[in-house]
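Read through the structure below, which is laid out as structure tokens, and then see the notes.
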Amino acid sequence: MHAVALADETDFEGWRRAAREMLARHVPPDALSWTTHARPDLLATDTKLPPRDDGPPAVVPRGFIVLAEAAALHCDPQRFALLYRLLWRLRQTPDLLALASDPDVAALDSMARAVHRDIHKMRAFIRFRHTRIGSADRHVAWFEPAHHILRANAPFFVRRFANMAWSILTPAASAHWDGDTLAFGPGAARADAPREDAMEALWRDYYASIFNPARLKVAAMRAEMPVRYWGNLPEARLIRPLIAQARQRTSTMIATAQTTPRQKRQRAATPAPQPEAAGSIAALREEAASCRRCPLWEHATQTVFGEGQEDTPVMFVGEQPGDQEDLKGRPFVGPAGKMFDRALAEAGIDRARAYVTNAVKHFKFVPRGKRRLHAKPNSGEVIACRFWLSREIAALRPRLIVALGATAAQSLFGRPTPVGSSRGRVTETAEAKVLVTVHPSYLLRLPDAAAQESEYERFVADLRLVRPFLEDATPAR
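In terms of the working numbering, the sequence shown opens at residue 11 and continues consecutively.
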């Protein structure tokens, strides 16, 4: 029997390379032993392999690769042997994956589903707690996954908590993010993670206030939130008492319920547009905090107004706040904001000397579980928010406005304006000169690294056109 040693428990790429080699040498599954550094097979012996067949490589369905990538993260020590056995059989039976009753196919599907379920549970039930390491703030979470999912799941937390330094500790490994670099380290013990922080009591109060005893289904709750995860949750100590009190609380709610419907309050009509007076930015920000000019305010956390130097000659206008901007109340502080700051620095521009805002002041999104996915503002929302942008422009009177993306260009020109045919040119308008370029989030969405690098260089080149307008720090009044 020939032993194939993989680099670690999640070395799927190593398995693929070895599997191709073994197939090319026509080595059957029962002649191989797949091992990892953590679980060597002491019974395996190194045997001489058959000669290599240099014919065309084996072709397998894309669906197998997707399932195999997930199954490779399973804790079953025989998972890599199962994957090779299926790969061997797929050469003779290309439609093997359609046979759901086949034991190997059923095992592959079961492993993949278990891994995806574990990934979901980690995202749902991980809780970060604040601590200080030296003089630095860090948020640390403890989690005990059932499978080897930490490396595959860590990029999700990088995207979700991009501006927070955090660590995720598990018994087998740990992941660490400092705002720029994701690193992995050895496993840890439960005692290495903080047990509580200052937010625990507030979180428990919130959970108790939203717990609805009339809708309690204990079996469904435990299926979705198994008891094994309760140790990670600050609200866990409340669950059993709340379940015990549910029947009495439900009876009380019924006994004290209103018998007459409450009069529905009519929403006040949207006020007519006011004259575009200038005023100070501070006064405009305070006024915009209660803006109801379009429906976006209903689901957003807060109005995100512009910020920056008020006597600047340059104003940057983006599309709308993102998830991080909505939570923090400041423009361009999320991943796109970091890209923007880096490009400004490379173009020789100090962001502190400019004013940064958005064409739309509330975050428009589509909920997807716990995530909030960006949704493009429509023309009505852009027009409604032009009221605030016009007043910002009137207050600042910049020499140059930089439109970052198509929504900003549409707001400034009053019509749909393709970025591709307009970027890099300074256009004169009644309010100021306008330079159109891409939004930094466009660069983050490019899947190809080479294309991203090329477009980033073009973006920096566009921003360098701004520098002459900053040479004279006194705006045209």
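Just so it is clear, CB atoms sit at the ideal spot from N, CA and C, and this is done for glycine as well.
Tell me, please, whether the CB atom of residue i is closer than 7 Å to any CB atom in chain C?
| i | result |
| --- | --- |
| V376 | Absent here is chain C; the protein component of the structure consists of one chain. |
With DSSP run on the structure shown, which of helix, strand or coil describes residue i?
| i | result |
| --- | --- |
| I178 | strand |
| A48 | Caution is warranted here: a pLDDT of 47 is assigned to A48, below 50, making its placement in the model unreliable, and the coordinate value is therefore given only provisionally. Coil at A48, not helix or strand. |
| A203 | coil |
| D188 | coil |
| I359 | coil |
| R277 | Any reading at R277 must be qualified, since the residue scores a pLDDT of 47, below 50, and its modelled position is unreliable; the value itself is stated next. Residue state, collapsed to three classes: coil. |
| A29 | helix |
| K227 | coil |
| R455 | helix |
| V327 | strand |
| F423 | helix |
| S464 | helix |
| A442 | coil |
| S43 | strand |
| F342 | coil |
| P196 | strand |
Tell me whether residue i is buried or exposed, calling it buried when 16 or more other Cβ atoms sit within 10 Å of its Cβ.
| i | result |
| --- | --- |
| E481 | exposed |
| T427 | buried |
| Q319 | buried |
| T417 | buried |
| D128 | buried |
| D190 | exposed |
| D336 | buried |
| K58 | exposed |
| V366 | buried |
| N173 | exposed |
| S389 | exposed |
| I143 | exposed |
| A282 | Caution is warranted here: a pLDDT of 42 is assigned to A282, below 50, making its placement in the model unreliable, and the coordinate value is therefore given only provisionally. Answer is exposed; the Cβ neighbour count stays below 16. |
| V2 | The structure shown does not extend to residue 2, since the chain is modelled only from 11 to 487, so the question has no answer here. |
| S184 | buried |
| T180 | buried |
| H158 | buried |
| H309 | exposed |
| A355 | exposed |
Let me make sure I understand the geometry here. Which of the options has the alpha-carbon closest to that of residue i?
| i | options | result |
| --- | --- | --- |
| P60 | M11, G73 and R161 | M11 |
| V76 | A122, Y452 and R468 | A122 |
| A488 | T260, R477 and A346 | Absent from the structure is residue 488, since the part of the chain shown begins at 11 and ends at 487. |
| L46 | R340, P87 and W98 | It should be pointed out that residue 46 corresponds to Thr in this sequence rather than to Leu. Residue P87 is the option with its Cα nearest to T46. |
| D18 | R340, A182, L399 and E154 | A182 |
| F423 | E441, H126, T103 and F326 | E441 |
| K322 | T439, D21 and R407 | Strictly speaking, residue 322 in this sequence is Thr, with Lys absent from that position. Comparing Cα positions, the closest option is R407. |
| M132 | A164, A471, A459 and M349 | A164 |
| F350 | F479, V370 and G328 | G328 |
| V444 | Y452, R169, D472 and Q462 | D472 |
| W187 | A459, A265, F138 and G415 | F138 |
| F90 | D119, L100, H149 and R26 | R26 |
| L97 | C85, S120 and V37 | V37 |
| K348 | A156, P450, K227 and P236 | P450 |
Here's a check: name, in chain order, each residue in its chain whose Cβ is nearer than 7 Å to the Cβ of residue i, leaving out the five neighbours to either side.
| i | result |
| --- | --- |
| A419 | A413, T427, V429, S432 and V446 |
| L516 | In the structure as shown, the chain starts at 11 and stops at 487, and residue 516 therefore has no counterpart that could be examined. |
| A385 | K374, F375 and V376 |
| L243 | F135 and R137 |
| V343 | N173, Q334 and E335 |
| R101 | A68 |
| A41 | M11 and H12 |
Please return the same chain residues whose Cβ sits closer than 8 Å to the Cβ of residue i, not counting the five positions on each side in sequence.
| i | result |
| --- | --- |
| R95 | P39 and D114 |
| R340 | V314 and E317 |
| A175 | A146, D147, R148, H149, W187, D188 and G189 |
| A151 | I136, R137, F138, R139, W176, S177, I178, L179, A203 and N242 |
| E296 | none |
Tell me which residue opens and which closes the alpha helix (DSSP H) that residue i is part of.
| i | result |
| --- | --- |
| H126 | P113 to F135 |
| V168 | L160 to R170 |
| V429 | V429 to S432 |
| L399 | S389 to L406 |
| L294 | I291 to A298 |
| Q102 | R89 to Q102 |
| P478 | R477 to E481 |
Using C-beta distances below 6 Å, list every residue in its chain close to residue i, excluding the 5 sequence neighbours before and after it, in chain order.
| i | result |
| --- | --- |
| R382 | D333 and F375 |
| A299 | T313 |
| R161 | T20 |
| F22 | E79 and A82 |
Over what stretch of residues does the beta strand (DSSP E) that includes residue i continue unbroken?
| i | result |
| --- | --- |
| L414 | L410 to L414 |
| R139 | R139 to I143 |
| P377 | F375 to R378 |
| L488 | Absent from the model: residue 488. The displayed extent of the chain is 11 to 487, so no value can be given. |
| V150 | A146 to W152 |
| V366 | Y365 to N368 |
| L383 | R381 to H384 |
Less than 6 Å separating the Cβ of residue i from some heavy atom of the ligand NAD?
| i | result |
| --- | --- |
| A357 | With respect to small molecules bound, the structure shown includes none, and the ligand NAD cannot be examined in it. |
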